[in-house]
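Taken in sequence, the protein lines are chains C and B.
In terms of the working numbering, the first sequence opens at residue 1 and continues consecutively.
In terms of the working numbering, the second sequence opens at residue 137 and continues consecutively.
Cβ coordinates follow ideal geometry from the N, Cα and C atoms, glycine included.
Report on the structure given below.
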Amino acid sequence: MVKRGSSAPHPDGPTSPGASTRWPRRVFSQGSDPDPRFSLANERTFLAWIRTSLALFAAGVALEAVNLPIVPGLRRAAAIVLILLGAAAPAQAWFGWVRTELALRRGRGLPPPLMAVPLGGGLMLVGILVLLGLIL
Amino acid sequence: MLAWRRTAAAFVVAAAGAGRFLLPHLGGWIFLAAVVNATAVVIVAAAALRRRLPPAAAPAVLNSARPPGPWLAAVALATAVGGLSVALAALAGSHP
């Protein structure tokens with residue numbers, strides 16, 4: 001991994017200027033500034049989760065707003081699952097960004113996305129609900 | 137930054153879609169949902185403007201790329217609140 005000043009060990013205290021004024025402090029008070037490219041990639045991942053959230057909300061609202069030939073109960077259940085996933089995605093975006101930034105600053109391995117399995121399982125459930133709603 | 141512009145465009149499209157759906161139901165808390173969603177768009181657009189690229193002629197200081205923590209938190213919160221408000225309005229509106 002390419003890190004600015006990588007020849008120095010990673011102390012627990014902040015090594016970057018102005019670290020005490022940057023928010024969230026629990027992130028910027030630890031380790032040292034990573035290579036900016038990694039921070040920017042982390043920011044892009046955050047934005048990708050935000051766009052995923054928008055898509056999930058849009059799908060949930062569309063299921064309810066558009067009059068599709070789906071059994072109403074199953075359609076509503078699928079819409080609620082999509083909306084719940086859409087509400088959870090911004091949380092993953094923020095906490096994922098914090099955890100990754102912390103790992104980068106400490107020079108440790110990157111954490112896995114916590115929402116990957118729930119998102120996959122939820123989308124599979126939505127697919128099954130819509131399929132059943134179309135068949136029944 | 138391209139990713140910020142892409143996200144801002146997605147928010148504008150979402151706000152337009154939500155407005156199209158919510159406009160016939162203006163009044164009460166559905167109107168509030170529309171206002172919250174529009175506020176989310178403004179927050180994302182402001183965050184995107186703050187992260188725009190400097191002019192090409194400006195000196196590039198790569199190690200000055202500071203993650204905008206407060207902006208990211210605001211965008212995440214606005215997405216959750218705006219999306220939930222529109223979704224709840226849609227759920228309530230489709231089954232009165």
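Range of the contiguous alpha helix (DSSP H) that encloses residue i
i, result
"C:Val108", "Looking at the sequence provided, one finds Arg at residue 108 of chain C rather than Val. C:Arg108 -> no alpha helix (DSSP H), and no H or E assigned at all."
"C:Arg25", "Arg25 to Phe28"
"C:Ile70", "Unbroken run through C:Ile70: none, as it is neither H nor E."
"C:Thr66", "Position check: residue 66 of chain C holds Val in this sequence, whereas Thr was assumed. Neither: C:Val66 is in no alpha helix (DSSP H) and is coded neither H nor E."
"C:Leu132", "Ala116 to Ile135"
CB of residue i within 7 angstroms of CB of residue j, strictly
i, j, result
"C:Phe38", "C:Leu104", "yes"
"C:Leu85", "C:Leu56", "yes"
"C:Val61", "C:Leu125", "no"
"C:Ile83", "B:Ala212", "no"
"C:Ile50", "B:Thr175", "no"
"B:Phe157", "B:Val180", "no"
"C:Gly176", "C:Arg75", "With chain C represented from 1 up to 136, any question about residue 176 of chain C goes unanswered, as that position is not in the structure."
"B:Leu172", "B:Gly218", "Position check: residue 172 of chain B holds Val in this sequence, whereas Leu was assumed. Cβ atoms of B:Val172 and B:Gly218: closer than 7 angstroms."
"C:Trp94", "B:Gly205", "no"
"C:Pro90", "C:Ser53", "yes"
"B:Leu208", "C:Phe46", "yes"
Given residue i as reference, the closest of the options once Cα atoms are compared
i, options, result
"C:Ala88", "C:Asn67, C:Gly120, C:Leu131 and C:Leu63", "C:Gly120"
"C:Gln92", "C:Ala41, C:Ile83, C:Arg25 and C:Ala116", "C:Ala116"
"C:Leu131", "C:Ala58, C:Phe46 and C:Leu63", "C:Leu63"
"C:Arg106", "C:Glu43, C:Asp33 and C:Asn67", "C:Asp33"
"C:Leu136", "C:Val98, C:Pro72, C:Pro24 and C:Leu47", "C:Pro72"
"C:Ala48", "B:Leu227, B:Ala228, B:Ala144 and B:Ala226", "B:Ala144"
"C:Gly122", "C:Ala79, C:Arg99 and C:Pro113", "C:Ala79"
"B:Leu227", "C:Thr21, C:Ala65 and C:Asn42", "C:Ala65"
"B:Gly155", "B:Ala170, B:Ala183 and B:Arg142", "B:Ala170"
"C:Leu96", "C:Arg25, C:Ala58, C:Gly31 and C:Arg44", "Checking the displayed sequence, the identity of residue 96 of chain C turns out to be Gly instead of Leu. Nearest C-alpha to C:Gly96: C:Arg44."
"B:Ala210", "B:Gly229, B:Leu220 and B:Ala183", "B:Ala183"
"C:Leu40", "C:Leu114, C:Val98 and C:Gly109", "C:Val98"
"B:Val149", "C:Pro69, C:Leu114 and C:Ala58", "C:Ala58"
"C:Arg26", "C:Asp35, C:Leu114 and C:Leu102", "C:Leu102"
"B:Arg142", "B:Leu185, B:Phe167, B:Gly229 and B:Ala225", "B:Leu185"
Three-way DSSP call (helix, strand, coil) for residue i in this model
i, result
"C:Ser32", "coil"
"B:Gly218", "helix"
"B:Arg142", "helix"
"B:Arg186", "helix"
"B:Pro160", "helix"
"C:Arg22", "coil"
"B:Thr204", "Correcting the residue type first, residue 204 of chain B is Pro in the shown sequence and not Thr. Residue state, collapsed to three classes: coil."
CB contact below 7 angstroms: residue i versus chain E
i, result
"B:Ala146", "Absence of chain E from the displayed structure is noted, the protein chains being C and B."
- Task: Return the residues of the segment 51-70 of chain C that lie within a Cβ-Cβ distance of less than 7 angstroms from chain B, sorted by chain order.
- Result: Arg51, Ser53, Leu54, Phe57, Ala58, Gly60, Val61, Glu64 and Ala65
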